[in-house]
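Visitor: Numbering (my numbering), first residue to last: 272 to 879.
Here a beta-carbon is modelled for each residue, glycine too, at the ideal position from N, C-alpha and C.
Let me give you the structure first, and then I'll get to my questions.
Following this line, the structure appears as structure tokens:
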């Protein structure tokens, strides 16, 4: 049993050993299989890695190709943009060429219209001599010079005197002809020289006329008396005539006709615009008729005049014998003839002078003549009866002269005589006529210098003030009526409408310079006035501001005082703006218009 148990145990152990051996063999065989599998998997891994690398390489190649394609797209977009810009530039060039072609066609049309107009336009004719309204003594020859021109050529040029032929010239198709004719009138009188021209197309010019007065000095019964007056005047003034001076004698009716001719270039429209300018400073109503007032004044109140443009000495006489007033007038006007010969009075009409300089020069001329005239009155050249006659005329005529004229114009006409005499008399008191002669070499430049001779002697020249144009600021419906220097004289007249004489004198004294401009709106003729001043001292400026505030109360109650601005509201709005170096007054129909002007002129201070 024990042996059987041992054998059973051995058999069991042997079975276990066989199982273990089988297990080991199975595991060994499985290990070999797993090793083969691992080897296979490693191969697969290697293949997959190679495939991945190849894929990545292909992907990189494709990304590079894509980048190249993208770069090409960007380049293509740039090329397309350049092409588009070129297309637009070409379009602009085509537009510009089209516009140029349109302009060229317009110019061509204009040139064709000009050529067509030339074919129907009359020839141009102009006189160069004698001067307008010239006067010569009977027996003296006059040189007549005229010119005619036409681009088509001239067929005839004709000159007549009071309808009688002087020249009949037939050019050979010349486009420009100058005709000179020396002519000696055989009788005294007024001659109308008339010139016409005809071109090769048969078109005739309108007559161009010039008036020549021929004076018979021997027929003037007063010639000896006039000669004596002229000799006396030359002695008093200390100036001898440089060449003979022949007066032109006119009746009152002839003077009226002469004035009408001289006023031909001054139209009622011009007079209305002058009235608008004066109304901007409250001097007149905008509808006042200045045209008739001027014509009446010049024809009814003047006894004589000297025309520096023609060197014509005109004296009014309706009587056979010169009375005391006509003799006295002759003395005054003869001084102007002497002034012209020695100092060239044509400067009085120099368009380059501003209104102030022109007024000052005229005051010197009239003051000089009045100084001589008064010396003539008191130096024994008249009897006491004649002196009384002159006094009576002065006293009675003072109220009549320019009675129909607005006060400001009456005073401006009187200024050269009254204040001019005061100015010249101050010079005369210091150095006689030598001092007056020196003034002609260095003329006064402003009414301030005339009103204050000490300012002239001190060399106190007016400051230059300029205003920019405001037409763009105001708009297309506004136009400028006038722009000039106002001056101390007109400033006194302006303030004097509301203030007493003492206040005006304090306010205006110390004037340094100024400028004004007046604009009118189309349709309703609303006005804009800008007036800018400079002053000698800050105190002078402050005195003006205080006085103007009092003057402006006439417009209405003050409506605003802010910073450097003060405004008053009436029918128009009026504002005063004070800066360190200027004071500016603006008048306009409403606040909005004033604000635009203020912005344009930069008048507001930072604290305004």
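1. Is the beta carbon of residue 581 less than 7 Å from the beta carbon of residue 404?
2. How would you write the range of the alpha helix (DSSP H) that residue 539 sits in, first residue to last?
3. Report buried or exposed for residue 429, applying the criterion of at least 16 other Cβ atoms within 10 angstroms of its Cβ.
4. Quick one: grab the DSSP three-state call for residue 794.
5. Please list the terminal residues of the continuous alpha helix (DSSP H) segment that includes residue 507.
6. With contact counted as at least three CB pairs below 8 Å, one residue from each stretch, are the segment 793–812 and the segment 775–784 in contact?
7. In chain order, which alpha helix (DSSP H) runs of at least 4 residues are fully inside the segment 432–456?
8. How big is the Cα-Cα spacing for residue 660 and residue 592?
9. Could you please give the first and the last residue of the uninterrupted alpha helix (DSSP H) stretch that includes residue 699?
10. What span of residues does the alpha helix (DSSP H) with residue 653 cover, start to end?
11. Measure the C-alpha to C-alpha separation of residue 698 and residue 686 and round it to an integer number of angstroms.
12. Mind checking residue 770: buried by the 16 CB within 10 Å criterion, or exposed?
13. To the nearest angstrom, report how far apart residue 871 and residue 741 are at their CA atoms.
14. If you measure between the beta carbons of residue 736 and residue 786, is that distance less than 7 Å?
15. In the DSSP assignment, find the alpha helix (DSSP H) that holds residue 849 and state where it starts and stops.
16. How long is the line joining the alpha carbons of residue 802 and residue 535, rounded to whole angstroms?
17. Nearest CA to the CA of residue 689: which residue from 467, 635, 438?
18. Confirm, please, whether the CB-CB distance from residue 752 to residue 791 is below 7 Å.
19. Helix, strand or coil: how does DSSP classify residue 390 here?
20. Tell me the rounded alpha-carbon separation between residue 877 and residue 624.
21. Spell out the partners DSSP gives residue 749 in its beta bridges.
22. Can you tell me whether residue 518 is helix, strand or coil according to DSSP?
23. Looking at C-alpha atoms only, which residue of 449, 453, 564, 420 is the closest neighbour of residue 414?
24. Might you give, ordered along the chain, the residues of its own chain that have their beta carbon closer than 8 Å to the beta carbon of residue 611, omitting 5 neighbours on each side?
25. Sort 318, 680, 528 by Cα distance to residue 259 and report the nearest one.
26. Kindly identify the DSSP beta-bridge partner or partners of residue 460.
27. With C-beta atoms as the reference, is residue 544 less than 7 Å away from residue 756?
28. Using 8 Å for Cβ pairs, my map puts residue 720 next to residue 727. What's the rounded Cβ distance?
29. Just checking my contact of residue 816 with residue 766 at CB under 8 Å: how many whole Å lie between their CB atoms?
30. First and last residue of the alpha helix (DSSP H) that includes residue 721?
31. Under a three-way DSSP split, which group does residue 277 fall into?
Guide: Quick look at the numbers:
1. yes
2. 539–550
3. buried
4. coil
5. 494–508
6. yes
7. none
8. 15 Å
9. 678–712
10. Run containing residue 653: none; DSSP gives neither H nor E here.
11. 17 Å
12. buried
13. 8 Å
14. yes
15. No alpha helix (DSSP H) holds residue 849; the beta strand (DSSP E) holding it covers 844–849.
16. 31 Å
17. 635
18. yes
19. helix
20. A caution first: residue 877 carries a pLDDT of 47, below 50, which makes its placement in the model unreliable, though a value can still be read off. Approximately 37 Å, taken between the alpha carbons.
21. 792
22. strand
23. 453
24. 577, 579, 582, 617
25. An answer regarding residue 259 cannot be provided, because it is not within the stretch 272 to 879 covered by the chain.
26. 485
27. no
28. 4 Å
29. At roughly 12 Å, the Cβ-Cβ gap does not stay under 8 Å, so residue 816 and residue 766 are not in contact.
30. 718–722
31. Residue placement at residue 277 cannot be trusted, given a pLDDT of 44 that sits under 50; the coordinates are not used to answer.
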